[in-house]
Amino acid sequence: MKVLMLGWEFPPFSKGGLGTACHGIVKGLSNIGVSILLVLPSYEGQSQLDNVNIVGADKIANLRVKRVNSLLLPYMTSSEYTVRYKSGGKAHIGIYGSNLFDEVNRLAAAASEISKSEHFDVIHAHDWMTFQAGIAAKKASGKPLVLHVHATEFDRSGDNPNPYVYHVERKGLHAADAIIAVSEYTKRKIIERYGISPDKITVVHNAVEQRIPSDFNSKLSQHDKIVLFLGRMTLQKGPDYFVYAANMVAQRIPNVKFILAGTGDMEPFIIEKAVELGLADKVLFTGFLTGPDIDRAYKMADLYVMPSVSEPFGIAALEAMTNGTPVLISRQSGVSEVIRHCLKADFWDVRDIAQKMMSVLEHPELRETMQEEGNKEVRKFSWNDSSKKCQEVYLKVITGGKIG
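Here the sequence shown is numbered in this note's numbering, starting from 721 and rising by one per residue.
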């Protein structure tokens, strides 16, 4: 079986969970013998995976691309878009060019051209930026289209979605032959918000790369208790709820420190709020972390907190567990469906979040149990297993079988 896969980011050039998930699935499919032609907006170097060829759309000659000016970025919230608009497009955070529409159109043109010359059995497209490319490839090849939803516009922007992104998502989801959702939480959102039949959707939970056990444990000070927030500082991730809970914890536990790792449109507000609450000497803002620095952050933390307002899955929670870090996660997340050895709270219940933070920090026995049992539990998550479920979806759309 050969898959034409359309992605947006891929390690080492990735900014978050989408690139991590795409890499895990591609690697898993490669391990079970599926051949993949992965097309990205841009890519330098060679694939290090068996059965996998990677092509950058920017390297394909003679593409005819209609240029459309845009200030939009892939995972931009409505407030971030407003900031870019008011700054004349200068406030840019991203790994590709400043004009997203150009990249989306170029990827679609590349997918169409490749589909005319390459043989493959099925098309697999990840998130809204690739949906137009998926539709173009389906039109050019006549092959079935599988769309993989890692997040929806409603996760990113709440009830204030960008109309263009919503239109692209809705059009793609209705055009797809099958849809893969990263959680039951996401499946429900696709059904309710986009009018898609549940029979068209298969849930394939994400997984995590297993880490080699390490004794590394770097504290700011052996006396400090450390609580970690790691993620984009946007409405979706709930950094404001983290800071409000941190304020309650700091009033009871004097030797606690809070690390906020990430960037986003809410970062200035979060910094101001931390100062306003008297947490200036309690909070460390690290900016965006990559690679080994992420593992170091997990290992130095006594607790990882994911207070997301709407989290389609939440690979970071699994990454924390592989590093032996106890986790406290929002119930409004996909990962809460599949892990038990953690603490859970509603994102809006700041008092409950604070109480559970304090329980872990003040009770070493609880913390050690969560470390040990969580590390055991996370070992059941395998990208090979997730990839086999994707392969089952491919076989169903190729043979015309029932999806859901």
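All residues carry an ideal CB built from backbone N, CA and C; glycine is no exception.
Applying the 10 Å Cβ sphere with the 16-neighbour rule, what's the burial state of residue i?
i       : result
Val995  : exposed
Glu729  : buried
Asp944  : exposed
Val788  : Residue confidence is low: Val788 scores 36 on pLDDT, short of 50, so the model does not pin down where it sits. Its coordinate-derived value is still stated next. The residue is exposed, with fewer than 16 neighbouring Cβ atoms inside 10 Å.
Pro1012 : exposed
Glu1082 : exposed
Asp847  : buried
His743  : buried
Gln971  : exposed
Thr1089 : exposed
In chain order, what residues of the same chain lie with their CB nearer than 7 Å to the CB of residue i, ignoring the 5 residues before and after it?
i      : result
Lys957 : Gly951 and Ser1028
Asp897 : Pro864, Leu865, Val866 and Val1117
Asn975 : His943, Asp944 and Lys945
Grab me the residues of residue i's own chain with a C-beta within less than 8 Å of its C-beta, minus the 5 sequence neighbours each way, in chain order.
i      : result
Asn773 : Ile756, Leu757, Leu758 and Ser767
Consult DSSP for residue i and reduce its assignment to one of helix, strand or coil.
i       : result
Glu754  : Contrary to the premise, residue 754 reads as Val rather than Glu in this sequence. Looking at Val754 - three-state DSSP - the assignment turns out to be coil, as it is neither helix nor strand.
His846  : strand
Phe851  : helix
Leu893  : helix
Ala901  : strand
Val824  : helix
Gly727  : coil
Gly739  : helix
Val775  : strand
Val924  : coil
Phe989  : helix
Gly1011 : coil
Ser694  : Nothing about residue 694 can be read from this structure; the chain reaches only from 721 to 1124.
Short check: CB of residue i to CB of residue j, under 8 Å?
i       : j       : result
Thr1128 : Val1113 : Lying before the first or after the last residue shown, residue 1128 is absent from the chain, which here runs from 721 to 1124.
Ile752  : Lys993  : no
Ile843  : Ser1106 : no
His870  : Gly737  : yes
Met1020 : Ile973  : no
Leu749  : Gln1111 : yes
Val902  : Gln852  : no
Ser1079 : Asp875  : no
Glu1085 : Ile1059 : no
Pop quiz: residue i and residue j are said to be a contact at Cβ under 8 Å. What is the actual Cβ separation, rounded to whole angstroms?
i       : j       : result
Val1047 : Gly1094 : 7 Å
Phe949  : Val1025 : 6 Å
Val963  : Leu997  : 7 Å
Ile990  : Met1041 : Ile990 to Met1041, Cβ: 25 Å. No contact.
Lys836  : Ala856  : Their Cβ separation, rounded to whole angstroms, is 11 Å, which puts Lys836 and Ala856 out of contact at 8 Å.
Ile1035 : Asn926  : 5 Å
Between which residues of its own chain and residue i is the CB-CB distance below 6 Å, once the five residues before and five after are set aside?
i       : result
Met968  : Ala1074
Met721  : Val754 and Asp841
Tyr1141 : There is no way to answer for residue 1141, as the model of the chain reaches only from 721 to 1124.
Ala966  : Phe978
Thr1006 : Ala981
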